[in-house]
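Protein chains in written order, with my numbering: chain A, 1 to 306; chain B, 1001 to 1294. For each residue, glycine too, the CB sits at the ideal point set by N, CA and C. Just so you know, these numbers come straight off a predicted model, no measurement behind them.
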Amino acid sequence: MTRYITRRIAYSFLSLFLLSLTIFLFVRVTGDPTTLLVEPGASQADVDAMRERFGLDRPIWVQYASFVQSLVQGDFGQSFYYRTPVLELYLSRLPNSLLLALAAMAFSLLIGVPSGILAAVRVGRFWDRAGKVFSLLGLSLPSFWVGLVLILFFSVYLEWLPSSGSGSVWHLLMPAFALGWYFAAAHMRLTRSSMLEVLGSDYIKLARLKGLPESLVIAKHAFKNALIPVLTLAGINLVIMINVAVVVETVFAWPGIGRLLYEGITFRDFPVVQAVVLLGGGMIVIVNLLIDILYAVIDPRIRLEA
Amino acid sequence: MVMRSEAVPLTSRADFVRGLEGFPLLPVAILVGIGLVAMFAGVLAPHDPEVGSLALRFRPPAWQAGGSIDHLLGTDHLGRDVLSRLIFGARVSMVVGITAVMVAGAIGTGLGIVSGYLGGWVDQVIMRITDTWLALPALTFAIFLTAIVGPSEMNIVIILGAVYWTRYARVIRGEVLSLKQREFVRLAIVAGCSKVTIMRRHILPNVLNSAIVLGTLMLGVVIVTEASLSFLGVGVPPPKPAWGLMLADGKKGLMVGYWWLTVLPGSCIMLMVLSANLLGDWLRVKLDPQLRQL
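This is how it looks when you write it as structure tokens:
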């Protein structure tokens, strides 16, 4: 098991290395990075100072080494707009993003899991078909449009909910729905297929042979086991939600990381954009690693395979 | 899983009809319809989509009080005709969507074949890059790339291709790994075909089915991403009529209840994406039993 985990950690480091290299090269290869890294409208002296600081005359691998060195030290540069270190900005927005993601996750599981179970138990019949239509709709409706229609309905016509901002539970409802909608469909699909697989297994047949009532078989024996892959996916999706909420946060003016990214684009604040991509990718690599390790601890088949 | 008769070449008329079982007629009709509208946008649109008259701004659709038959679906904040913008927007979505899917498909299929067939360190390198790119959140990555190269229709296509090729590479590589063991490939090796010839003549035709299925499924994803980028102001640059851009503009009239500026372009995106997904779903089951679990 130690060997397996060591190898997984090594792979993750390799991924992080490639991630930073990719971002680094994209910025360097597509032209003069000073145009991106220096504030718009800066003087020639500022440009020269920046060249000096980044050592753009040095060989590219030396540049890369110093780039990685500053990343490891948590230095993601200075925001042009806010005039503060980017990492500080990012961390100050993270709790808001996390709150939104958790609410969206709760919503997507509340919708996705029961409907997935229902579809699996009634496979091929009405509820299964209805669920399929629902999940296709969920995967097809862009979240920002869902958000705009929600605003139109609940804020403009009914005047029930605030259309933007944060601060209360009421502010959270619509963005969480808009963000969770897509994931509800994904969670439903996985719950359904996972339930179907479990329901076909021998121990379920045995439970039925014992004469247990069907509701108990489904609730106690099947549901618990079918939930494992769904919760794994939910864990990854929580991190993904934090990183893809940019449109939803823009629509509802929710002050999270997505909103930070949007401000980064509109104010041409490149260090912010770069940091959001790097940290988002890094977060996903690390969560994938944690899940792999967790699985290895739980499931001996995985660690013996290695 | 029960293998159905679709795998057998269709010969008689009855077989042909059975092969079309469950054919998503409505979605395909919608896609073809949007395609035709995109093609003949110049003839169909009643007004210039990029020029409006400020005197006529925020006119509601014809059936509402204050609307006129001249602007059937109303006008936007610059007095531009919404119907004309929707019609020309179909062109943007179709062109960007289809070319981006093809760019991503070409890169991903190519690398997937090379990676799967050659194996060894080439495979290792390509797959590690694929894993890394998959870890980057797609929309954030696309935004980052537009921040570097600047937004234009051409750049959006390249960026979407660069972001989404990884999905193809993974699946195609997996298929190549099993194709490699098949007899016709071994025979080709014995017959002295070069690696390039085998990949091009023997492997490629056999993974095209999967590539097409993936492409159809990706079309929806790509269109939503393009709309999101345009919505955020880093996609198709204004005043070009893109549906995502129309939604961003529509936000300005949202709080006063100008619903047609958001509901209409959004419905167009939804219809197109839903149709593409339904068609992709059907194709997946019909053409490619291996992809059914996707």
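Not a single CB atom of chain A sits nearer than 8 angstroms to the CB of methionine 1127 of chain B. With respect to the C-alpha of valine 1163 of chain B, the residue from B:Thr1216, B:Val1103 and B:His1202 having the closest C-alpha is B:Val1103. With a contact defined as Cβ atoms closer than 8 angstroms, alanine 1029 of chain B and isoleucine 1087 of chain B miss out at about 17 angstroms.
Contact annotation: in the segment 1163-1185 of chain B, no residue has its CB less than 8 angstroms from a CB in chain A.
For tyrosine 295 of chain A, the uninterrupted alpha helix (DSSP H) segment begins and ends at 270-298.
Under the three-state reduction of DSSP, aspartate 1081 of chain B is assigned to strand.
Scanning chain A for C-beta atoms nearer than 9 angstroms to the C-beta of phenylalanine 1058 of chain B yields nothing, as the closest lies near 15 angstroms away. DSSP places proline 142 of chain A in the coil class of the three-state scheme, outside both helix and strand. Residue pairing for threonine 1075 of chain B: DSSP places it in a beta bridge opposite B:Asp1081. One finds Phe144 and Val247 in chain A with Cβ atoms closer than 7 angstroms to the Cβ of phenylalanine 1231 of chain B, taken in chain order. Tyrosine 4 of chain A has a beta carbon lying at 8 angstroms or more from every beta carbon in chain B. Non-local beta-carbon contacts of phenylalanine 1184 of chain B in its own chain, meaning distances under 7 angstroms to residues more than five positions away in sequence, involve His1202 in chain order. In the DSSP assignment, glutamine 78 of chain A is bridged to A:Pro85.
Interface criterion not met: the Cβ of proline 1205 of chain B is under 8 angstroms from no Cβ in chain A. A distance below 8 angstroms separates the beta carbons of proline 142 of chain A and isoleucine 1269 of chain B. Taking C-beta atoms as the reference points, threonine 266 of chain A and glycine 1233 of chain B count as a pair closer than 8 angstroms. Membership of cysteine 1268 of chain B in the alpha helix (DSSP H) is indicated by the continuous run 1260-1287.
For serine 215 of chain A, the closest alpha carbon among the candidates A:Ala65, A:Leu19, A:Arg122 and A:Tyr157 is that of A:Arg122. In the DSSP assignment, proline 229 of chain A falls within the unbroken alpha helix (DSSP H) covering 223-244.
In chain order, Leu152, Val156 and Tyr157 make up the part of chain A whose C-beta sits under 9 angstroms from the C-beta of glycine 1257 of chain B. The Cβ atoms of phenylalanine 177 of chain A and leucine 150 of chain A lie closer than 8 angstroms to each other.
Distances from the alpha-carbon of arginine 1057 of chain B to those of B:Gly1079, B:Val1122 and B:Gly1112 put B:Gly1079 closest. Using beta-carbon distances, serine 1093 of chain B does not count as an interface residue toward chain A, since no partner is under 8 angstroms. Histidine 1047 of chain B sits in coil when the DSSP states are folded into three classes, being neither helix nor strand. Taking the Cα of isoleucine 111 of chain A as reference, the smallest distance to any Cα among A:Tyr182, A:Val297 and A:Ile236 is reached at A:Tyr182.
In this structure, methionine 105 of chain A keeps its C-beta atom at 8 angstroms or more from the C-beta atom of methionine 188 of chain A.
Taken in chain order, the complete alpha helix (DSSP H) segments of 4 or more residues contained in the segment 1191-1245 of chain B are 1204-1232. With a cutoff of 8 angstroms on beta-carbon distance, valine 1222 of chain B and valine 1032 of chain B are scored as not near each other. Residue-level contact check: alanine 1106 of chain B does not touch chain A, since none of the beta carbons of chain A fall below 8 angstroms from its beta carbon. Using a CB distance below 7 angstroms, the part of the segment 1213-1246 of chain B facing chain A consists of Gly1220, Val1224, Ala1227, Ser1228, Phe1231, Leu1232, Gly1233 and Val1234, ordered along the chain. For the pair leucine 172 of chain A and valine 251 of chain A, the CB atoms are not nearer than the 8 angstroms cut-off. Counting only the Cα atoms, valine 86 of chain A lies some 20 angstroms from aspartate 46 of chain A.
Nearest neighbour of valine 1051 of chain B by Cα position, chosen from B:Pro1061, B:Leu1036 and B:Asp1076, turns out to be B:Asp1076. In this structure alanine 296 of chain A is not in contact with methionine 50 of chain A, their Cβ atoms being roughly 46 angstroms apart against a cut-off of 8 angstroms. Within chain B, the residues whose beta carbon sits less than 8 angstroms from that of leucine 136 of chain A are Leu1274, Asn1277, Leu1278 and Asp1281, listed in sequence order. The straight-line gap separating the alpha-carbon atoms of arginine 268 of chain A and valine 146 of chain A is approximately 28 angstroms.
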